[in-house]
Amino acid sequence: MVNKEQQDEVNLAGQSRSQNKKNNTYKEQKGKIFIKKVILENFLSFQKDEVNFGNAKFVIIVGPNWSGKTSVFQAIKFVLGSNERDDRYTKWSSFIRDGQNHAMVEIHIQHNEDLIQIRRFVIRGQSPFYKIKRKNDTEFRKIQANEIQKEIMDLNINPDNQFAFVSQGKID
185 MVNKEQQDEV NLAGQSRSQN KKNNTYKEQK GKIFIKKVIL ENFLSFQKDE
235 VNFGNAKFVI IVGPNWSGKT SVFQAIKFVL GSNERDDRYT KWSSFIRDGQ
285 NHAMVEIHIQ HNEDLIQIRR FVIRGQSPFY KIKRKNDTEF RKIQANEIQK
335 EIMDLNINPD NQFAFVSQGK ID
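Under this note's numbering, the residues of the sequence shown are numbered 185 to 356, in order.
1. Closest to K232 by CA distance: which of F262, I280, I217 is it?
2. Any beta carbon of chain E sitting closer than 8 Å to that of Q328?
3. N236 bridges to which residues according to DSSP?
4. Nearest CA to the CA of I291: which residue from V306, Q284, F262, G283?
5. With DSSP collapsed to three states, give me the class of V289.
6. What residue does the beta strand (DSSP E) around D298 start on, and which one ends it?
7. Based on the DSSP output, what are the partners of G327 in its beta bridges?
8. Given a cut-off of 8 Å, decide if F324 and K317 are closer than it, judged by their beta-carbon atoms.
9. For the alpha helix (DSSP H) that contains T254, what are its first and last residues?
10. Helix, strand or coil: which one does DSSP assign to I332?
11. Using beta-carbon positions only, say whether I300 and I293 come within less than 8 Å of one another.
12. Report buried or exposed for F242, applying the criterion of at least 16 other Cβ atoms within 10 angstroms of its Cβ.
13. Secondary structure at F279, three-state DSSP: helix, strand or coil?
14. Per DSSP, which one or two residues make a beta bridge with Q231?
15. Per DSSP, what are the beta-bridge partners of Q294 in this structure?
16. In whole angstroms, what is the alpha-carbon distance linking R303 and I245?
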């Protein structure tokens, strides 16, 4: 059974609604949102790889043990601003591939006619930071974490929603 709070996270027929818990109002999000692709550079086991999702409405990542499924999952949550790390990754530098100085994850999100590209970087000894590029931008620009959180919230994406991002071992 889904409770009221969980229901607020449900996305139906390309329209989602998110509840502003503070003043109990709803914001309608029109249109479709697709994760088109994810690019991983020195992130966990990936040196330089790209995962293309096309226009998939629902994605399940399957494969044999140690093929990188969890790494892709962690990368998506990381670039979307999640600050959750499972027990294997105790600090941000844990995401950096062995022998490298930095890691970067880039996600391409299609929202109606707008293509939003977000990059999140982590460099050993530094806090993670973001860059963003929209459809009409010529290059990426650095952006603060709170600005990225607002962008992601405006798309009604919650990378910590356990019903949208179901990690390994979380289904009984």
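Backbone N, C-alpha and C define an ideal beta-carbon position, used for all residues, glycine too.
Taking the structure as given:
1. I280
2. The chain labelled as chain E is not found in the depicted structure, where only one protein chain is given.
3. K221
4. F262
5. strand
6. 298 to 307
7. Correcting the residue type first, residue 327 is Ile in the shown sequence and not Gly. DSSP, once it has assigned bridges, lists Y314 as partnering I327.
8. yes
9. 253 to 263
10. helix
11. yes
12. exposed
13. helix
14. None, per the DSSP bridge assignment.
15. F218, L299
16. 21 Å
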